[in-house]
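A.B. asks:
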Amino acid sequence: MHTPLAVEHGANLKQYNTFGLPSNAQALVRITSESDVRRVVDDPALGLAPKFILGGGSNLVLTQDVRACVLKVEVMGRRVLETRDDAWIIEVGAGESWHETVQWTLDNGLPGLENMALIPGTVGAAPVQNIGAYGIELKDRFESLDAVDLITGRSVTLHSQHCAFGYRDSIFKRHLAGKGVITRVRLRLPRPWQPVLGYLELERKIAETGITAPDARQIFDWVCGIRSVKLPDPAVIGNAGSFFKNPVVTPEQCRDIINRDPEIVHYPMPDGTFKLAAGWMIDACGWKGKSIGRAGVYEKQALVLVNRGGASGAEVVTLAKAIQESVYGRFGIRLEPEPVVV
């Protein structure tokens, strides 16, 4: 006999979103296993209610109270599932911290995730966003995941070809948004390990230190150092990391912008397009350190919006829209926010 589902009514979500924005949930249920999801689906009241899936809350702007039933994913556990000739396969609960998981892999001699150190959020949210940093995206290390369908309660396993991974995008942001709860993620760490170093800031570290063949732990330390300078700790200053996606443009658009702004930071992509540095464009429009109400642009990195204390979701959205208008006015580029606005 199952114990009844613990439902927290009127739960305060301020502590569950890294921006620290005020919001209450009509109902909140903690999901620690697949069977918890099935019990929500089978529950006479909760089964029919709209659902909102919450991981680490690091990619979220809450502008109002959440009338849906919030499913707070807290499935834990990490293990090495398989050691193949060409890869280690590890399985991680969706509620585990992403950064702590990267640390765990290195502590256990399983390199391959070090470029994605210090990305906030949970492991279950990583495929949704196809997180990435310093030349690696989640899809490059993805094996498969388990999820539970919120209509039928059935478990499904999805492999890479089912996930429609794109730049900060996946099927979980589109056709499958809100339709299932990711419970476990399996990652594929290639053997033998090869460092990924083709990013400007990592090349600078090599030049500064003279370490031309860094190991995974060294890359991890470098990435943590670089990110710590750029990104404030959400425990100290509320934020959701990088707020805007770096826009991808055609070679013609890139040439046109370089003609007007020769300094613009841009990176060639494998498919011939160019990625432009959104932070550089926001800075060029004079937004670094500026505020609207109690929401502001971080002094050390224009790509990060922060809660200066007591900000509302509406203030964050107003600031984001003002930045979008400035950048569009100057560069003709419409910046797209990374976080989900609720």
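Using this note's numbering, you'd call the opening residue of the sequence shown number 29 and step up by one each time. In this text, a Cβ means the ideal position worked out from N, Cα and C, and glycines have one as well. All of these numbers come straight from a predicted model, not from anything done at the bench.
Please classify ARG67 as buried or exposed, where buried requires at least 16 neighbouring CB atoms within 10 angstroms.
C.D. replies: Locating residue 67 in the sequence shown gives position 39, where the first residue counts as 1. Classification for ARG67: buried.
A.B. asks: Please list the terminal residues of the continuous beta strand (DSSP E) segment that includes ASP284.
C.D. replies: Here residue 284 corresponds to residue number 256 of the sequence shown, with the count starting at 1. From DSSP, ASP284 is part of no beta strand (DSSP E) but of the alpha helix (DSSP H) over 279 to 288.
A.B. asks: Tell me whether MET29 is buried or exposed, calling it buried when 16 or more other Cβ atoms sit within 10 Å of its Cβ.
C.D. replies: Start at 1 with the first residue of the sequence shown, and residue 29 comes out as number 1. Because MET29 carries a pLDDT of 48, less than 50, the predicted location of this residue cannot be relied on, and no value is offered for it.
A.B. asks: Does the stretch 231 to 247 come into contact with the stretch 296 to 313, if we say contact requires no fewer than three beta-carbon pairs (one atom in each stretch) closer than 8 Å?
C.D. replies: With a cut-off of 8 Å, the stretch 296 to 313 and the stretch 231 to 247 do not count as touching, because too few Cβ pairs lie within range.
A.B. asks: Count the other CB atoms, across all protein chains shown, that sit within 10 Å of the CB of ILE179; report buried if there are 16 or more and exposed otherwise.
C.D. replies: What you label residue 179 is simply residue 151 of the sequence shown in a count that begins at 1. The residue is exposed, with fewer than 16 neighbouring Cβ atoms inside 10 Å.
A.B. asks: Could you tell me which residues DSSP pairs with GLY123 in its beta bridges?
C.D. replies: Residue mapping note: residue 123 aligns to position 95 of the sequence shown, counting from 1. According to DSSP, GLY123 bridges with nothing at all.
A.B. asks: Under a Cβ-count criterion, where at least 16 other Cβ atoms within 10 Å of its own Cβ denotes burial, should ARG235 be classed as buried or exposed?
C.D. replies: In the sequence shown, the residue the question calls residue 235 occupies position 207. Residue identity check: residue 235 is Ala in the sequence provided, not Arg. Counting Cβ neighbours within 10 Å, ALA235 comes out exposed, since fewer than 16 surround it.
A.B. asks: Cutting at 7 Å between CB atoms, please list the residues of its own chain near PRO218, excluding the five before and the five after it.
C.D. replies: Counting from 1 along the sequence shown, the entry for residue 218 is found at position 190. So the list reads ASP114, ALA115 and GLY140, once near-sequence residues are dropped.
A.B. asks: Can PHE80 be considered in contact with the ligand ADP, in the sense that its beta carbon sits closer than 6 Å to one or more heavy atoms?
C.D. replies: No copy of the ligand ADP occurs in the structure displayed, which carries no ligand at all.
A.B. asks: Can you tell me the Cα-Cα spacing of THR60 and ASN287, whole angstroms?
C.D. replies: Looking up residue 60 in the sequence shown gives position 32. Looking up residue 287 in the sequence shown gives position 259. Approximately 54 Å between the Cα atoms of the pair.
A.B. asks: Return the residue from the list PHE359, GLY341, GLU364 and GLY152 that minimises the CA-CA distance to LEU378.
C.D. replies: The question about residue 378 has no answer here: the residues shown for the chain are numbered 29 through 370.
A.B. asks: My understanding is that GLU171 touches LEU215, with C-beta atoms under 8 Å, so please give their C-beta distance in whole angstroms.
C.D. replies: Taking the sequence shown and counting its residues from 1, one reaches residue 171 at position 143. Taking the sequence shown and counting its residues from 1, one reaches residue 215 at position 187. Contact holds; Cβ gap of about 6 Å.
A.B. asks: Looking at VAL184 and VAL120, is the spacing between their C-beta atoms short of 7 Å?
C.D. replies: The residue given as residue 120 occupies position 92 in the sequence shown. The residue given as residue 184 occupies position 156 in the sequence shown. Cβ distance not < 7 Å, so VAL120 and VAL184 don't count as in contact.
A.B. asks: Which value, in whole angstroms, describes the spacing of the CA atoms of ASN143 and TRP221?
C.D. replies: If you number the sequence shown from 1, residue 143 lands on position 115. If you number the sequence shown from 1, residue 221 lands on position 193. Roughly 13 Å separates the two Cα atoms.
A.B. asks: Just list the beta strand (DSSP E) runs in the stretch 60 to 113, keeping only unbroken ones of 3 residues or longer that don't cross its boundaries, in chain order.
C.D. replies: Counting only runs of 3 or more, we get 79 to 82, 94 to 101 and 106 to 111.
A.B. asks: Just how far apart, CA to CA, sit GLN54 and LEU109?
C.D. replies: Translated into the one-based positions of the sequence shown, residue 54 becomes position 26. Translated into the one-based positions of the sequence shown, residue 109 becomes position 81. Distance between the alpha carbons of GLN54 and LEU109 is about 38 Å.
A.B. asks: By DSSP, does ARG214 sit in helix, in strand, or in coil?
C.D. replies: Walking along the sequence shown from the start, residue 214 turns up at place 186. Note: ARG214 maps to strand in three-state DSSP.
A.B. asks: When DSSP labels each residue in this structure, what does LEU179 get in the three-state scheme?
C.D. replies: Residue mapping note: residue 179 aligns to position 151 of the sequence shown, counting from 1. With the sequence shown as reference, residue 179 is identified as Ile, and Leu is not the correct amino acid for it. DSSP places ILE179 in coil when its eight states are reduced to three.
A.B. asks: For GLU327, does the count of other Cβ atoms within 10 angstroms reach 16, so buried, or fall short, so exposed?
C.D. replies: The count along the sequence shown starts at 1 and reaches residue 327 at position 299. Classification for GLU327: exposed.
A.B. asks: With SER63 and VAL94 assumed to form a contact (beta carbons below 8 Å), what rounded beta-carbon distance in angstroms separates them?
C.D. replies: Reading the sequence shown from its first residue, position 35 is the one you call residue 63. Reading the sequence shown from its first residue, position 66 is the one you call residue 94. With a Cβ gap of about 24 Å, SER63 and VAL94 do not count as contacting.
A.B. asks: Start and end of the alpha helix (DSSP H) containing ALA323?
C.D. replies: As a position in the sequence shown, residue 323 is number 295, starting the count at 1. No alpha helix (DSSP H) contains ALA323, which is instead part of the beta strand (DSSP E) from 323 to 325.
A.B. asks: Could you tell me which residues DSSP puts in a beta bridge with LYS201?
C.D. replies: Stepping through the sequence shown from its first residue, residue 201 is reached at position 173. Note: LYS201 sits in no beta bridge, so no partner.
A.B. asks: Applying the 10 Å Cβ sphere with the 16-neighbour rule, what's the burial state of ASP299?
C.D. replies: Indexing the sequence shown from 1 puts residue 299 at position 271. It is exposed - the Cβ of ASP299 has fewer than 16 other Cβ atoms within 10 Å.
A.B. asks: Which whole-angstrom value describes the C-beta separation of LEU176 and THR211, a residue pair presumed to lie in contact below a C-beta threshold of 8 Å?
C.D. replies: Reading the sequence shown from its first residue, position 148 is the one you call residue 176. Reading the sequence shown from its first residue, position 183 is the one you call residue 211. As written in the sequence, residue 176 is Val, which differs from the Leu given in the question. Between THR211 and VAL176 the Cβ distance is about 6 Å, and since that is below 8 Å, they are a contact.
A.B. asks: Got a sec? Which residues, its chain only, sit under 7 Å from ALA153 by beta carbon, not counting five neighbours each side?
C.D. replies: Reading the sequence shown from its first residue, position 125 is the one you call residue 153. So the qualifying residues of the chain are GLY83, GLY84 and ASN87.
A.B. asks: When you compare only the Cα positions, how much space is there between GLY206 and VAL130?
C.D. replies: For this step, residue 206 is matched to residue 178 along the sequence shown. For this step, residue 130 is matched to residue 102 along the sequence shown. Straight-line Cα distance between these residues: approximately 27 Å.
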